[in-house]
Amino acid sequence: MSTLVLVLVTGVGLGALYFLVASGLSLIYGLMHVLNFAHGVFLTLGAFLGWEVASRIGATGWPAFLLSILVGGLVGTAFATVTELALIRPLYERHIEQVLVTVGLAFAAVALFEGIWGSDPIFITGPAWLDETTTLLGARIPNVYFVLMIAATALLASLVVFLRYTRYGMIIRAGVENRAMVTALGIDVKKSFTLVFAIGGSAAGVGGVLAAHYTGYVSAHLGQTLLIFAFIVTVIGGLGSLSGAAIASVLVAVLQQLANYYLGGTGDLIVVVALAVVLLVRPRGLLGRRPA
Amino acid sequence: MSDFIRTWWKLLAGVAGVVFMALLPLLNISVPGVLPTPTYQPGTLALLSLAMVFSALALSYNMLLGTGGMLSFGHALYFGAGAYGLGIILANFGVPLWPGVLIALLGGLLIAIVTGAISMRVSGIPFAMVTLAFAQAGSVLVRRNSSVTGGEEGLSLNTEHVPDGLVGVANTRNLYWFALGVVVLVYLVALWVDRSRLGHLARATRENELRIRVLGLEPTRARFVLFLIAALSASGAGVAYILLQSGTVPRAVSADLTITVLVMVVLGGVGYRWGAVLGGFLYTILDQRLTVLAGSEAIEGLPSVLRIPLSEPLFLLGTLFILVVIFLPGGIAGTVETRWLQRRRADALTELDDDADEAQRPSEVRP
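Residue numbers (the numbering used here), protein chains in the order written: chain P, 5 to 296; chain E, 2 to 368.
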């Protein structure tokens with residue numbers, strides 16, 4: 005029983021991490037129809053710079069941890085905003101080229117990170133509490149999972165509030181629905197393109213710092229590894245659907261942890277099988293509106 | 002120049018190029034700064050053979066992206082299936098080389114049928130994501146089952162059943178000719194695909210799928226067959242790869258490799274067969290030269306702000322790729338052909354103007 009609880013809770017925690025990456029991807033795809041391959045490098049840069057800051061002011065303290073999260077988020081935001089303005093915007097409406105540019109950016113950035121921080125993982129430390137466990141229904145659960153869940157819940161809540169109750173949120177929702185109509189009403193959709201990139205980048209940057217604490221290390225490939233799972237999550241959830249991404253994140257991660265524990269470490273493969281099944285049964289994903 | 006003469010001219014240039022490449026191992030040509038050794042020595046032959054294997058892979062990818070308009074991130078799966086397939090067969094089943102090659106190709110085709118049928122449930126960007134997921138699953142399988150695939154270490158070629166002429170550094174020439182054969186074969190397949198009804202249908206579907214459906218044609222099957230031909234060609238390139246490198250590493254099935262091939266095709270020019278070949282050569286040789294440059298003293302002496310980016314060949318290639326996508330949308334081949342077309346059109350216009358002048362002149366002299 006306690007094992008099952010452990011597997012389920014760690015699954016939800018991992019799902020929270022997937023959601024931090026997938027939410028940005030899903031928003032960007034929904035509004036701009038761009039598959040952002042560079043999303044993983046936003047995350048990686050956030051993780052590296054977050055760690056650089058934390059290690060300078062004493063990595064085991066809480067202020068360092070909180071500051072590294074802030075730095076990760078800001079770095080992700082800045083990187084994503086610059087990417088959108090410098091690389092995506094000049095290729096307006098040319099979706100394949102936009103995807104290619106993000107592929108090139110990811111390719112170049114990973115190589116640059118390897119040049120700066122080396123190709124071996126850098127092992128990191130955080131506040132001691134993160135490595136301790138809390139007992140829940142007899143299962144001893146590492147505290148880092150709770151941090152992930154809190155972060156993802158906060159992100160989801162603030163995204164929902166932002167999208168529901170603010171003017172820009174409304175423009176983004178309307179843009180996802182029918183971009184041509186929003187433009188025709190005289191609203192500058194381009195601003196909201198930069199905005200969704202900034203939001204996605206900040207979530208990815210925060211996700212990067214937390215992912216580093218989750219895995220225990222930072223490496224140049226950290227983001228790209230997570231990105232593949234985030235892609236799977238967004239397809240299963242339905243492209244462009246935020247709630248779909250949230251549900252699929254948890255489902256996929258729980259399934260993955262269950263398979264890892266009970267089916268001899270086959271989690272990665274089970275996830276791909278799940279993707280194949282979803283595509284065969286429901287090609288548009290769980291909550292996707294139009295057939296993709 | 003009439004179209005007829007131009008076709009023959011192109012054919013002649015192609016044949017001359019292949020003959021020249023075939024004769025290279027017998028010649029002593031040095032190109033300092035581009036090729037590491039004179040052309041008859043194994044160093045250069047191995048580099049050029051690798052370039053040809055990647056050209057073949059790029060040609061197969063161009064069938065998908067250029068002809069079919071399908072952006073796949075899982076093409077390395079079929080390349081890896083060819084390479085690992087042949088490696089595993091030779092290591093475990095004691096089959097001679099050529100039947101082994103056939104089985105490896107069939108294996109690649111089988112994987113393509115299953116994964117292709119599922120991923121073609123969606124198209125466009127979702128298709129790209131799904132193919133990526135399949136390639137990732139293949140990569141995980143290869144890394145996990147180290148007893149069969151050698152895991153992270155890679156699988157080295159068991160040469161017991163490989164003809165002696167294709168083994169060892171001394172026989173790099175023969176492997177070079179083999180790689181040349183593969184790239185010519187894949188080129189001919191690509192040419193046939195582009196000229197066939199299948200290719201026309203795939204291109205038309207790329208431009209406007211709805212219209213094709215309204216015309217009562219079946220685009221899905223054409224795309225699927227195109228996907229299978231491209232995958233089979235990639236498996237062929239994979240077979241050449243393992244023979245050439247005497248082994249294969251997990252990178253041969255990774256998403257990284259697909260992205261590398263994508264970079265080659267885009268640099269060369271999407272939709273141009275000679276562009277794909279050029280991209281394969283350009284990438285392989287640049288990668289090799291930039292790696293040499295990274296280790297050179299000139300780079301060592303620079304301050305770290307310049308040294309770190311310049312000593313990462315992939316960073317430079319990635320940046321080059323971004324610049325090409327933004328500033329040269331047709332890649333090298335596309336830019337060259339567009340310029341050439343513009344010049345021809347300009348020439349044709351001048352001729353027309355001349356004709357018009359002549360036609361007008363009599364009316365002007367008329368009082």
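Cβ coordinates follow ideal geometry from the N, Cα and C atoms, glycine included. Bear in mind the structure is a predicted one, so any value in this text is a computation, not a measurement.
query: Just the Cα atoms here: how many angstroms apart are residue 351 (chain E) and residue 92 (chain P)?
result: 40 Å
- prompt: When DSSP builds the beta bridges, which residues end up paired with residue 222 (chain P)?
  reply: DSSP, once it has assigned bridges, lists P:126 as partnering residue 222 (chain P).
- prompt: Name the chain E residues whose beta carbon is nearer than 9 Å to that of residue 94 (chain P)?
  reply: Under the 9 Å cutoff, chain E gives 327.
task: For residue 224 (chain E), I'd like the list of residues in its chain whose CB is within less than 8 Å of its CB, leaving aside the five on either flank, ordered along the chain.
output: 69, 71, 121, 203, 206
Proximity winner among E:316, E:241, E:56, relative to residue 373 (chain E) (alpha-carbon distances): The structure shown has nothing for residue 373 (chain E), since chain E only spans 2 to 368.
query: In the DSSP assignment, what are the bridge partners of residue 205 (chain P)?
result: BP columns for residue 205 (chain P) are empty, so no partner.
For residue 143 (chain P), the residue or residues it bridges with in DSSP: P:140
field: Among P:32, P:213, P:292, nearest to residue 126 (chain P) - alpha-carbon criterion
entry: P:213
message: For residue 268 (chain P) and residue 227 (chain E), what's the separation of their Cα atoms in angstroms?
response: 37 Å
message: Would you call the region 111 to 127 of chain P in contact with the region 233 to 249 of chain P, where contact means no fewer than 3 C-beta pairs closer than 8 Å?
response: no
field: residue 98 (chain P) versus E:125, E:171, E:47, E:257, residue with shortest Cα-Cα distance
entry: E:125
message: Between E:340, E:147, E:139, which has its C-alpha nearest residue 74 (chain E)'s C-alpha?
response: E:139
task: Mind checking the region 23 to 44 of chain P against chain E and listing, in chain order, the residues whose C-beta falls within less than 9 Å of any C-beta there?
output: Taking 9 Å as the upper bound on Cβ-Cβ separation, chain E lies near residues 33, 37, 38, 39, 41 of the region 23 to 44 of chain P.
message: For residue 17 (chain P) and residue 245 (chain P), what's the separation of their Cα atoms in angstroms?
response: 21 Å
task: Kindly indicate if chain E contains any beta-carbon less than 8 Å away from that of residue 267 (chain P).
output: no
query: Nearest-angstrom Cα distance between residue 220 (chain P) and residue 83 (chain P)?
result: 24 Å
field: Closest by C-alpha distance to residue 238 (chain E), when choosing among E:37, E:339, E:262, E:123
entry: Looking at the Cα atoms, E:262 is the closest of the given residues.
message: Let me check one thing: in DSSP terms, what residues is residue 156 (chain E) bridge-paired to?
response: In the DSSP assignment, residue 156 (chain E) is bridged to E:249.
field: Which listed residue (P:19, P:14, P:9) has its alpha carbon closest to that of residue 237 (chain P)
entry: P:19
- prompt: Beta-carbon of residue 400 (chain E) versus every beta-carbon of chain P: anything under 8 Å?
  reply: Since the first and last residues shown for chain E are 2 and 368, residue 400 (chain E) lies out of range.
- prompt: So, is the C-beta of residue 272 (chain P) closer than 8 Å to a C-beta in chain E?
  reply: yes
- request: Assign residue 275 (chain E) to one of two classes, buried (16 or more other C-beta atoms within 10 Å of its C-beta) or exposed (fewer than that).
  value: Buried is the call here.
- request: Kindly provide the ranges of any alpha helix (DSSP H) runs that are 4 or more residues long and lie completely inside the region 28 to 93 of chain E, ordered along the chain.
  value: 43 to 63, 77 to 93
Within 8 Å, strictly: CB atoms of residue 82 (chain E) and residue 108 (chain E): Yes; because the gap between Cβ atoms is below 8 Å, this pair is in contact.
message: Does residue 80 (chain E) pass the burial test, meaning 16 or more other C-beta atoms within 10 Å, or should it be called exposed?
response: It is buried - the Cβ of residue 80 (chain E) has at least 16 other Cβ atoms within 10 Å.
field: the region 200 to 211 of chain E: positions lying closer than 8 Å to chain P by Cβ
entry: none
task: Return yes when the Cβ of residue 72 (chain P) is within less than 8 Å of the Cβ of residue 55 (chain P), no when it is not.
output: yes
task: For residue 37 (chain P), name the three-state secondary structure that DSSP assigns.
output: coil
message: Applying the 10 Å Cβ sphere with the 16-neighbour rule, what's the burial state of residue 266 (chain P)?
response: Residue 266 (chain P) comes out exposed.
query: Where does residue 135 (chain P) sit, in a helix, a strand or coil, going by DSSP?
result: Residue state, collapsed to three classes: helix.
message: Classify residue 234 (chain E): buried if its beta carbon has 16 or more other beta carbons within 10 angstroms, exposed otherwise.
response: buried
- request: Put residue 243 (chain P) into one of helix, strand or coil per three-state DSSP.
  value: coil
task: Report yes or no: do three or more beta-carbon pairs, one from the region 208 to 218 of chain E and one from the region 85 to 94 of chain E, lie closer than 8 Å?
output: no
Sequence-distant residues of its chain with Cβ nearer than 8 Å to residue 100 (chain P) (five each side left out): none
query: Pick from P:261, P:188, P:52, P:64: whose alpha carbon is nearest that of residue 8 (chain P)?
result: P:261
field: Cβ shell of residue 76 (chain P) (< 6 Å), same chain only, five flanking positions each side left out
entry: 50, 54, 209, 210, 212, 213
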